[in-house]
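Worksheet: the structure to be examined is printed underneath.
4 protein chains.
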Amino acid sequence: MDFSTDERTEFLKKELVDFMYGHVYPNEEAYKDELGKLENPYAWSESPILQKLRAEARSRGLWNLFLPGEEGAGLTNVQYAPLAEITGRSRMLAPAALNCSAPDTGNMELLAQFGTEEQKEQWLKPLLEGEIRSAFAMTEPAVASSDATNIETSIVRDGDEYVINGRKWFITGAMNPNAKIFIVMGKTNPTAERHRQQSQILVPRDTSGVTIKRAMTIFGYEDHYNGGHAEIVFTDVRVPVGNLIGGEGEGFAIAQARLGPGRIHHCMRAIGMAERAIKMMCERADERVAFGKPLSEQGVIRDWIAESRVRVEQLRLMVLKTAWLMDTVGNKGAHTEIQAIKIATPSTVEWILDKAIQVHGAAGLSQDFFLASAYAYARTIRFADGPDEVHKNALARNELKRQRARRSS
Amino acid sequence: MDFSTDERTEFLKKELVDFMYGHVYPNEEAYKDELGKLENPYAWSESPILQKLRAEARSRGLWNLFLPGEEGAGLTNVQYAPLAEITGRSRMLAPAALNCSAPDTGNMELLAQFGTEEQKEQWLKPLLEGEIRSAFAMTEPAVASSDATNIETSIVRDGDEYVINGRKWFITGAMNPNAKIFIVMGKTNPTAERHRQQSQILVPRDTSGVTIKRAMTIFGYEDHYNGGHAEIVFTDVRVPVGNLIGGEGEGFAIAQARLGPGRIHHCMRAIGMAERAIKMMCERADERVAFGKPLSEQGVIRDWIAESRVRVEQLRLMVLKTAWLMDTVGNKGAHTEIQAIKIATPSTVEWILDKAIQVHGAAGLSQDFFLASAYAYARTIRFADGPDEVHKNALARNELKRQRARRSS
Amino acid sequence: MDFSTDERTEFLKKELVDFMYGHVYPNEEAYKDELGKLENPYAWSESPILQKLRAEARSRGLWNLFLPGEEGAGLTNVQYAPLAEITGRSRMLAPAALNCSAPDTGNMELLAQFGTEEQKEQWLKPLLEGEIRSAFAMTEPAVASSDATNIETSIVRDGDEYVINGRKWFITGAMNPNAKIFIVMGKTNPTAERHRQQSQILVPRDTSGVTIKRAMTIFGYEDHYNGGHAEIVFTDVRVPVGNLIGGEGEGFAIAQARLGPGRIHHCMRAIGMAERAIKMMCERADERVAFGKPLSEQGVIRDWIAESRVRVEQLRLMVLKTAWLMDTVGNKGAHTEIQAIKIATPSTVEWILDKAIQVHGAAGLSQDFFLASAYAYARTIRFADGPDEVHKNALARNELKRQRARRSS
Amino acid sequence: MDFSTDERTEFLKKELVDFMYGHVYPNEEAYKDELGKLENPYAWSESPILQKLRAEARSRGLWNLFLPGEEGAGLTNVQYAPLAEITGRSRMLAPAALNCSAPDTGNMELLAQFGTEEQKEQWLKPLLEGEIRSAFAMTEPAVASSDATNIETSIVRDGDEYVINGRKWFITGAMNPNAKIFIVMGKTNPTAERHRQQSQILVPRDTSGVTIKRAMTIFGYEDHYNGGHAEIVFTDVRVPVGNLIGGEGEGFAIAQARLGPGRIHHCMRAIGMAERAIKMMCERADERVAFGKPLSEQGVIRDWIAESRVRVEQLRLMVLKTAWLMDTVGNKGAHTEIQAIKIATPSTVEWILDKAIQVHGAAGLSQDFFLASAYAYARTIRFADGPDEVHKNALARNELKRQRARRSS
């Protein structure tokens, strides 16, 4: 188990930190202002600041770092981990500036791995270039989508086309008009074996029958910065059969494959958020005086700071181990560890953010600090890609199986 | 210790429940829509729906229930408790419809108790009539306001006037243009003994030098329904000396007196929120099926439901005991209990809301359910009127003192 | 809901407190010493100190307070609650001194309610007189006894006798040779409906075929003070048919009836333990100085003291409400509340004891303070009469049912 | 950061596992029986089984693995970590069998590092040979020993001797008559600077004036297996000046140096305990059926199993990182990490043990399973070497300092 950072990572890290201090942090407030002022009907378009940052990042080689192989920066997960963490410190701006923000990353990976040459040419290429954005349409309002087999959207073949009908919501990124392509999960084979009913299909945004109904809010946030979370209705939407990704019935397996890297990226960035929260908690605790001494000398607040440090250190190591396993034995071999970080990250980070907020008082919940919106985000990852409870249940089942095997040996 | 509900309470309860089902719940969605559509420059004005409901409530005798004595409905705290709880179930609409919403309630109590006849005539009367709204301006951005002695706003006498300079924020209700009067806490005697430096003074909204800077958000919410949370700058604001409430140096004591009833009202309403969350959690758990059975048959979710019920029952009893003590031995005699419910309520209710959200999946964080905004509110009461930590510290100091007295007796 | 203490309770409370300070607390150390020195083969007999205290308590009218009706002191649950709490402060000595200790109390209630005249004459009378002790044999090593239908001990009729075969453990009190009678739960009708298979039967200690195998320890404690926790084997044990309590198949229902009062008594006493722990925590925190100030001025310890007070107050109110319900609508009507206090009490009290221990350092885990043994006891009530998880599951089922009924109404 | 196990470690691991299965596990019950039957006055002597196991372990090269350098096995901390973890699975027998049990390990390290040649010859050598045992006498009943500067035992020079007076308790191992040597911490220079007042001195057990008063219990355990926890009085105890370890005033620094490795060994073994608890929890959950299905299919129990796995994985990684830091940058450089594992380990392991106990029902608290005694041990490490709260406070102070440095750079 070796988590050392090599020369290339060190170089990129230095470059990235430089970029953060020189370009990202100084633009955070202006970026929020810009987003706040966007007017209808362009309300969801991207901001000029982001465009400038993307150019700068790309010129520094800080581009597509998430993507292994030749199509991307070719980093391993262990190499990418510390970089992703740093981008998490400025969650609203940095990942997108580096073309490393969800859901585009997962979609690019998916296309790189399962797309046909035509699909790659048409969609992966502009995504890698940062010319367009994308969305992944899975969650449905009518069913418990944590159980992917519940998905009800239908994808029915009709000659050379597939016809799609269904309703999706919380489709992150889809409010952004530049999100030109949606990967839609639905059922092609509703009577097949449970995990062979689903397929994934490419639906261009401007296809007839696609209706963007509204933006869902998370706590009170519309999350302009990442293209919001759309409710989308698909009514008799027709796309050519060539838009299917993989074969019919492979949707569930493809979704699973997509999740591994996606999850670890979420976790890495979340750790960056936690680190920033600790930094802010310490700074505020030093600055504020109550009842005759700085908050940083109050026992309870020290307890929070210590617990925050202890928890985030453990979490980072587990994420690194998972990254190392994914690099060495593959995503499947790291299955349990991926579940473990998916379980541990949201609650750990949420706890730290909650304490950082408390140290800030009401200000911590306001627009003046990144804490409240970060909390909202951390809260969502307690059900993004399935709620904690589902993952715990599955992890326990594996543990029980493993222990049974040991006993009988 | 007797928490029984008497005949009058039973009557009001029945009337209130009837009002809730007949007028409040059916209007919740329309009310949110109406607020969402308010346009600048009237963005913060109140909605027509609220006005209609206020008329209806008043005609039913559901008006000023919070206020003891002849000026109000004359209920005891034990009588008011179950009614306030019911209004908490529709936090955005019901308390305001009954003219029982913070911060007006606290301000009316304060004026009823400490106001001069002129002050009452000018401000209390229209508040009781529901003609105007009000705000209480205490928290400041520059200092840890949990320690009220940190307050820096200056109130300097100059002839027959006081001159006020300072910056306040998170002033709930003040974005509403109908909040015609602000009670401002500042320092008249900065060199006096620590708790005799502060005074409270009435500042009409339209006084020269009062600038409403902006609306603070809580998580992403602007909280239109309650007039938002304003940042306000007071620059050489002049008001007649007659606007002082009580005498110079009495501000701290008056603030303390204001807090007792205010806190218990918060707690009562928060319990109503928790009850609604439990109701929703059960309903959703019954409806949703995952992995072959309804969520309501999953052990972990049952655990949450049971814990929620057990916790809220205990909390309600402690609030009732506190109400009973306030009625029988006075707010001062109930000091420890008021602290205790201030400590226990936010964390209990927050926990329940969190679990109800989790059962709802992403929907629970969205605008489609009351849960996320209720959570945001519950989170704020972890520092409203001072953070939990300050109250715990004080309660422990009392406990230690009490135990010491016992030992030496 | 009225929890007031009436005159009789006030009188008994005063008398009991007087007895505690005059006789119980001063004898605690001597009692432990005496128990520690008991030699084989009388190792489990009762101590002379206890006998003296029983005489004193009885002479003061502090006797059989737990038992309603003419056979006992005739107190309601609301009357008994504060008295039981006081005895819990000296758990090892006070309940037994008042003839109010488990499992005798439950057994006496059971006999008073379901026993025949002969059974009462032979066993209830000497128990009420404090001449003998008793045990209740339910838990079995081979099955998950939290599900009472799992019980495997067989009770087979053979002419005028029942023949009992089975193995029981954790049979509290049974190591005491003066525990002359065991109430044994087993199956008479293994093929009947699930809750009609069980019966309860009286088995005198000295019946042939009864073997006391060994004392089970709880953490490292043998719990001499309450007659330990025995493993007992029943091999072809024959008792007359008249020893059956109630009819065949009524064992489950009788066990359920036994549990209600038993549980609330446990809870009342546990609250007394918690109060003593808080008292000790405060005292120790005042005495010990570390890093330049007494522990009682450390923020984290203040936090524990405050939380302890807040939690125990809520718990006590819920126990009182449950007592009041049992008095007014009966044990069945108080079913949910009995579950609720069974769920809330162990974890609350355990938490408080844990913190009190932490304030005492290693001493808190030793024989020098009552904390560690109290913790061990509190820990056991997380599964005594069924583990928390079973109760939570049942309470949630009821809540779901109740909410369903509301929705459909 | 490289935690890989090298060839030598793999070899020792295999050998150790073999030894555990062949000799340790099969002897656990017999060992407990043997200890239970030891009669006065040899009550605290070691058992023949342990002697046999020590011989076997030594013959396999499983001896003094904890000690780096030539005097011991020469392993690094990263090499020793997985081995120590394995011994923790049978805490009562395995560490002692390998001559790797506290407090001997810390004492040997201390002598190896700070002892004179004479001290090493006289005490280190027989300790390394396993001929004698030892104790470390620091904690005092009269003061909060978590603050080492509180220590009151006096060490006064008188000619060629030091005269020692004081009272110590919870001196682990000292009840064992074979614990021939005590390292005593006291004050030689009570007026010096706070951390220069203390010295450490060797006191042979049989020195005149040394009185072993009694055995302290932990929960109800006397902990025979490790020589118990003694209260010891030192009355005018005289030892030659050559018995001082290091110089006068160096006691505090030496104690600090002793703690680093001691703490990480505790943590490693505690992880082994946790792993065994998880194993048992899974096994029991599979075996027991309640309410129609095995416990292992109940959601709440699955939740515990998953959380246990996730928590122990994170903890182990943090311990490994700490070991790696100690190996590469030294104990001082790993200071924060040593604190972090000292904070995280007890609560994590305690939580897992608590859940494993709950799955076992009452049996889990009894002598039939290792869980309850392991819990008692885990509970003690929440204050061994200073309570968690002291470590958290110190860790937070460092974090605040570190963050301050960053801000100003």
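Protein chains in written order, with the UniProt record's numbering: chain A, 1 to 409; chain B, 1 to 409; chain P, 1 to 409; chain H, 1 to 409.
From the three backbone atoms N, C-alpha and C, an ideal C-beta is built for every residue, glycine too.
Bear in mind that the values here come from a model prediction, so they are computed numbers and not experimental data.
Are any of the Cβ atoms in chain B nearer than 9 Å to that of residue i?
i: Asn393/P; result: yes
i: Ile181/H; result: no
i: Glu389/P; result: yes
i: His229/A; result: yes
i: Glu28/P; result: no
Kindly indicate if chain H contains any beta-carbon less than 9 Å away from that of residue i.
i: Ser4/A; result: yes
i: Trp169/P; result: yes
Using a cut-off of 8 Å between C-beta atoms, extract the partners of residue i located in chain P.
i: Leu83/B; result: Those do not exist, as Leu83/B stays about 16 Å from chain P at its closest Cβ, beyond 8 Å.
Go to residue i, then tell me how far its beta strand (DSSP E) extends in each direction, as first and last residue.
i: Glu248/B; result: Neither: Glu248/B is in no beta strand (DSSP E) and is coded neither H nor E.
i: Thr172/B; result: 161-172
i: Phe3/B; result: Where Phe3/B is concerned, there is no enclosing beta strand (DSSP E), given that its DSSP letter is neither H nor E.
i: Gly186/A; result: 179-187
i: Met20/A; result: It is not in any beta strand (DSSP E) - Met20/A carries neither H nor E in the DSSP assignment.
i: Leu202/B; result: 198-204
Strictly below 7 Å CB to CB, what residues from chain B border residue i?
i: Asp303/H; result: Val300
Alpha carbon to alpha carbon, how far is residue j from residue i? Give it in angstroms, no decimals.
i: Leu400/P; j: Gln358/B; result: 17 Å
i: Asp18/H; j: Leu62/H; result: 11 Å
i: Met216/P; j: Trp169/P; result: 8 Å
i: Glu70/B; j: Asp327/B; result: 16 Å
i: Phe252/P; j: Glu313/B; result: 29 Å
i: Leu325/B; j: His360/H; result: 45 Å
If you measure from the beta carbon of residue i to each beta carbon in chain P, is any gap under 9 Å?
i: Ile278/B; result: yes
i: Ser409/B; result: no
i: Gln51/H; result: no
i: Tyr31/H; result: no
i: Gln367/H; result: yes
Any beta-carbon of chain A closer than 9 Å to the one on residue i?
i: Val143/B; result: yes
i: Gln403/H; result: yes
Just to make sure I have the definition right: I need the residues of chain A whose C-beta is within less than 9 Å of the C-beta of residue i. Which are they?
i: Met1/H; result: Met1, Asp2, Phe3, Ser4, Thr5, Leu317, Leu320
For the alpha helix (DSSP H) containing residue i, name the first residue and the last one.
i: Val241/P; result: No alpha helix (DSSP H) holds Val241/P; DSSP gives it neither H nor E.
i: Ile338/P; result: 335-360
i: Ala394/A; result: 388-408
i: Thr105/P; result: 104-114
Mind pulling the chain B residues with CB within less than 9 Å of residue i?
i: Gly361/A; result: Thr139, Ala144, Ser145, Ser146, Phe170, Phe383, Pro387
For the ligand HEM, I want to know if residue i counts as a neighbour, meaning its beta carbon is within less than 8 Å of at least one of the ligand's heavy atoms.
i: Ser59/A; result: Only the bare structure without any ligand can be found here, which leaves the ligand HEM out of the picture.
Just to make sure I have the definition right: I need the residues of chain P whose C-beta is within less than 9 Å of the C-beta of residue i. Which are they?
i: Leu127/H; result: Within chain P, no residue comes near Leu127/H; the closest Cβ sits about 24 Å away, beyond 9 Å.
At least three beta-carbon pairs within less than 8 Å, the stretch 83-94 of chain H to the stretch 24-35 of chain H: yes
Segment contact, 8 Å Cβ cut-off, at least three pairs: the stretch 274-284 of chain P with the stretch 363-372 of chain P: yes
Three CB pairs or more closer than 8 Å across the stretch 149-160 of chain A and the stretch 119-135 of chain A: no
Cβ contact check for the stretch 174-185 of chain H and the stretch 222-233 of chain H: 3 or more pairs under 8 Å: yes
Cβ contact check for the stretch 237-256 of chain P and the stretch 194-203 of chain P: 3 or more pairs under 8 Å: Yes, since at least three Cβ pairs between the stretch 237-256 of chain P and the stretch 194-203 of chain P fall closer than 8 Å, the two stretches touch.
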